[in-house]
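Counting from 5, one number per residue, gives the positions in the sequence shown under the numbering used here.
Just so it is clear, CB atoms sit at the ideal spot from N, CA and C, and this is done for glycine as well.
These figures come from a predicted structure and were not determined experimentally.
Everything on this sheet refers to the single structure shown next.
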Amino acid sequence: MDELNDLVGKLERSYSDRLVSVILYGSGAASDSGDHHHKFSDLNVLCVLKQITPRELGEGEPIMRWWREHGHPSPLLMSEEEAHRSADCFPIEFRDLQDRRKVLYGVDVIAGVHVSMKNHRTQVEHELRAKLIRLRQQGAQVLSDPAALLKLCLDSVSTFCTLGRHALLVAGIDPGAGRRDVVHRLREALGAAASPFDVLLDIREGKPDAHMGIQTENLFAEYLEFIRRMIEFVDRLPVGHDRPVSSGVSREDKQ
Numbered sequence: 005m006d007e008l009n010d011l012v013g014k015l016e017r018s019y020s021d022r023l024v025s026v027i028l029y030g031s032g033a034a035s036d037s038g039d040h041h042h043k044f045s046d047l048n049v050l051c052v053l054k055q056i057t058p059r060e061l062g063e064g065e066p067i068m069r070w071w072r073e074h075g076h077p078s079p080l081l082m083s084e085e086e087a088h089r090s091a092d093c094f095p096i097e098f099r100d101l102q103d104r105r106k107v108l109y110g111v112d113v114i115a116g117v118h119v120s121m122k123n124h125r126t127q128v129e130h131e132l133r134a135k136l137i138r139l140r141q142q143g144a145q146v147l148s149d150p151a152a153l154l155k156l157c158l159d160s161v162s163t164f165c166t167l168g169r170h171a172l173l174v175a176g177i178d179p180g181a182g183r184r185d186v187v188h189r190l191r192e193a194l195g196a197a198a199s200p201f202d203v204l205l206d207i208r209e210g211k212p213d214a215h216m217g218i219q220t221e222n223l224f225a226e227y228l229e230f231i232r233r234m235i236e237f238v239d240r241l242p243v244g245h246d247r248p249v250s251s252g253v254s255r256e257d258k259q
């Protein structure tokens, strides 16, 4: 993608030999999964520098502003030391980096990083509970506005699909390649006859007649209940033993 090439070029010119690595991660790096949607999905980028001081932040300010003006979240900035030593604090993020990444520049700093599975399970439950509480708070403010309520669901479904993927990983279940796989395997794991996630993904992807017969308040109630059952599922899982996490993603050379 031209925007990513432009970003790497700007980072190279700004940081020169202080730039260690630039990595695209998440759905944008998994082109074969069908997860990335230009309207709803972000291009998530990790930028690793030898060190990060106010000097680096100042030099990167115009690049971060330019990237955000193009509709993308600011690149995640980490020092080389942080990239090697932060996985115990951010197991979900580092597991995602290990599973779905594309090296755009420099070395693959993620390849050998150990992710604690005990920390992983704890963070998955924490994130699910925190985001459910936040979803309820936001829903309470727009419950009488169907359009705003539907937008809230659509804006959050990608996040809950990601957390659902990690819930399956914690349980030792292969989540598959894309969001639809995750949703179907979650439904099986929870013993649910249907999933509001499927409806939301249909609407999100612009499928014909996806809105037909939708009662938004009922859909929201089903959405909340499905997420509650996901939390219950994770809560019942034993805290596992640490084990090395292997990545199925091949390394890519500097582009």
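For residue i, the nearest candidate out of the options (CA to CA)
{"i": "SER31", "options": "GLU73, PRO150, LYS106, GLY75", "result": "LYS106"}
{"i": "LEU109", "options": "VAL128, TYR19, ARG133", "result": "Note on residue identity: the sequence assigns Tyr, not Leu, to residue 109. Nearest of VAL128, TYR19, ARG133 to TYR109, Cα basis: TYR19."}
{"i": "SER78", "options": "GLU65, ALA87, ALA181", "result": "GLU65"}
{"i": "ILE137", "options": "LEU241, GLU229, LEU23", "result": "GLU229"}
{"i": "SER90", "options": "LYS211, HIS124, ARG69", "result": "HIS124"}
{"i": "GLU84", "options": "PRO212, ARG133, VAL24, GLU131", "result": "VAL24"}
{"i": "ILE207", "options": "VAL26, ALA196, THR220, GLY195", "result": "THR220"}
{"i": "THR126", "options": "PRO95, THR57, ARG232", "result": "PRO95"}
{"i": "GLU60", "options": "HIS76, ARG72, ALA33, ASP21", "result": "ASP21"}
{"i": "TRP71", "options": "VAL186, GLN145, LEU15, VAL238", "result": "LEU15"}
{"i": "PHE111", "options": "GLU73, GLU129, ILE235, ALA87", "result": "According to the sequence as given, residue 111 is Val; it is not Phe. Residue ALA87 is the option with its Cα nearest to VAL111."}
{"i": "LEU173", "options": "PRO212, HIS74, SER148, ASP100", "result": "ASP100"}
Assumed close pair residue i, residue j - CB separation to whole angstroms, cut-off 8 Å
{"i": "LEU264", "j": "LEU50", "result": "This structure cannot speak to residue 264, because the chain is shown only from 5 to 259."}
{"i": "PHE201", "j": "CYS165", "result": "7 Å"}
{"i": "LEU158", "j": "GLU131", "result": "Going by Cβ atoms, the distance from LEU158 to GLU131 rounds to 19 Å, so no, they are not a contact pair."}
{"i": "ARG232", "j": "LEU205", "result": "About 19 Å separates the two Cβ atoms, so there is no contact after all."}
{"i": "VAL128", "j": "ALA171", "result": "6 Å"}
Sequence-distant residues of the same chain with beta carbon closer than 6 Å to residue i, five excluded per side
{"i": "ALA175", "result": "LEU241"}
{"i": "ILE27", "result": "LEU50, ARG105, VAL107"}
{"i": "HIS40", "result": "Legend: pLDDT at HIS40 = 46, less than 50; position of this residue unreliable, no value from coordinates given."}
{"i": "LEU4", "result": "Outside the displayed span of the chain (5 to 259) sits residue 4, for which this structure offers no information."}
Residues of its chain near residue i, where Cβ-Cβ distance is below 7 Å and the 5 sequence neighbours each way are ignored
{"i": "PRO179", "result": "ARG169, LEU172, LEU173, ASP185, VAL186, ARG189"}
Exercise for review: For the stretch 183 to 191 and the stretch 110 to 121, state whether three or more C-beta atom pairs, one from each stretch, are separated by less than 8 Å.
Suggested key: No, the stretch 183 to 191 is not in contact with the stretch 110 to 121.
**Study point:** Any beta strand (DSSP E) of 3 or more consecutive residues that is wholly inside the stretch 32 to 98
**Key:** 48 to 53, 80 to 83
Point to revise | Ranges of the alpha helix (DSSP H) found wholly within the stretch 207 to 248, counting only runs of at least 4 | key: Complete alpha helix (DSSP H) runs here, min 4: 220 to 239.
Practice item. Enumerate, from N- to C-terminal direction, the unbroken alpha helix (DSSP H) stretches of 4 or more residues contained entirely within the stretch 144 to 205. Key: As far as the stretch 144 to 205 is concerned, its whole alpha helix (DSSP H) runs of at least 4 residues are 150 to 174, 183 to 194.
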